[in-house]
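Here numbering that gives the first Met the number 0 is used: the first residue of the sequence shown is 0, the next is one more, and so on.
Glycine included, C-beta positions come from ideal geometry on N, C-alpha and C.
Values in this document were obtained by computation on a predicted structure and should not be read as measured data.
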Amino acid sequence: MNHIYTSPRQEDLCKKLSEKLNEPTGDIFKKEVIITPSAGMNAWLKTELPKRNRIIANFEFQNQDGLFRDICALYYGEKLPASVGNIKYKIFGLLAEDEFVNRFNVVSSYYHNSEIFRFQLAGKIADLFDQYQLCRPQMLQAWKQDELVTTNQAEDWQKWLWNRLGITPKDEIGKDLLDRIRKNPETLQQQYPRISFFGITVYTSFSPGFFRSHCCIHPARFLSLPPCN
């Protein structure tokens with residue numbers, strides 16, 4: 000059973016979380032996993048939770064994407080290869096290819112004769128593609144069919160790079176992963192006896208589908224702030 004707690008005050012949610020952390024998980028060697036929206040929230044909880052519980056041990060903070068990657072590693076036996084870091088280096092190489100340089104010279108002129116500029120741009124594009132997988136999976140599907148979905152000129156060269164990367168989008172991986180979890184939920188339950196989602200007000204288009212299905216199989220605790228108007 001999932002447990003949902005809401006409050007307009009972050010401090011009240013922290014109090015509730017501290018109370019729940021005192022409940023035994025059934026395995027003292029397994030970590031309590033707390034999913035938060037930001038590193039800033041992690042830092043705040045690390046300060047506030049010990050004030051309420053005195054001693055806080057054997058827990059870790061994650062974000063939504065980090066949990067997804069770890070569960071993938073649990074079921075596939077390895078981390079997802081398409082991390083932002085790996086994608087960045089692949090894009091760095093693609094930006095130097097003659098076809099890209101000549102076809103999209105408006106972009107390539109930015110980093111002409113500067114590997115530093117090219118590397119910085121590759122990093123920004125890798126972050127952008129990571130966000131596209133979460134927020135705009137339909138556009139990536141269109142790109143796979145060699146179709147554009149906007150009139151923005153930047154979409155053409157981004158589509159070229161994405162298709163050359165040959166990445167399997169996270170939504171496709173997520174569907175297969177859910178099938179694996181349904182067939183073998185014990186693996187997830189043993190690794191994550193208890194998961195708390197704290198202070199998350201914004202979910203990407205990818206996350207709700209995955210985490211709703213995940214929580215039907217594996218109960219979780221949600222401590223949520225109401226969305227801002």
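What first and last residue would you give for the beta strand (DSSP E) that runs through S195? 194-197
Based on the DSSP output, what are the partners of V32 in its beta bridges? E59, I194
For G122 and V100, I'd like the C-alpha separation in whole angstroms. 18 Å
Output yes or no for whether 8 Å exceeds the beta carbon distance between R117 and A153. no
Just tell me which of F196, L224, P225, T167 has its CA closest to the CA of K19. F196
Pull the bridge partners of I3 from the DSSP assignment, please. F221
State buried or exposed for P136, treating a residue as buried only when at least 16 other CB atoms are found within 10 Å of its CB. buried
Report back the beta-carbon spacing between I139 and K89 to the nearest angstrom; my notes put them in contact at under 8 Å. Ile is not the amino acid found at residue 139; the sequence shown has Leu there. Incorrect: roughly 16 Å between the Cβ atoms, too far for contact.
Taking 8 Å as the threshold (beta carbon to beta carbon), is Q144 in contact with chain D? Protein chain content of the structure displayed is limited to a single chain, and chain D is not contained in it.
For the 8 Å Cβ check, are there 3 or more pairs between the stretch 73-87 and the stretch 103-114? no
Where F67 and R53 are concerned, what is the direct C-alpha to C-alpha distance, given to the nearest angstrom? 31 Å
Where K302 falls, given that 16 or more other Cβ within 10 Å makes a residue buried: Outside the shown range of the chain (0 to 228) lies residue 302, about which nothing can therefore be said.
Should the stretch 1-21 be regarded as contacting the stretch 167-181, the criterion being three or more beta carbon pairs within less than 8 Å? no
Out of F91, E146, P192, point me to the one whose CA is closest to Q119's CA. F91
Measure the alpha-carbon distance for I124 versus Q157 and round it to whole angstroms. 8 Å
Between the beta-carbon of P168 and the beta-carbon of Q132, is there less than 8 Å? yes
Secondary structure of V100, DSSP reduced to three states: helix
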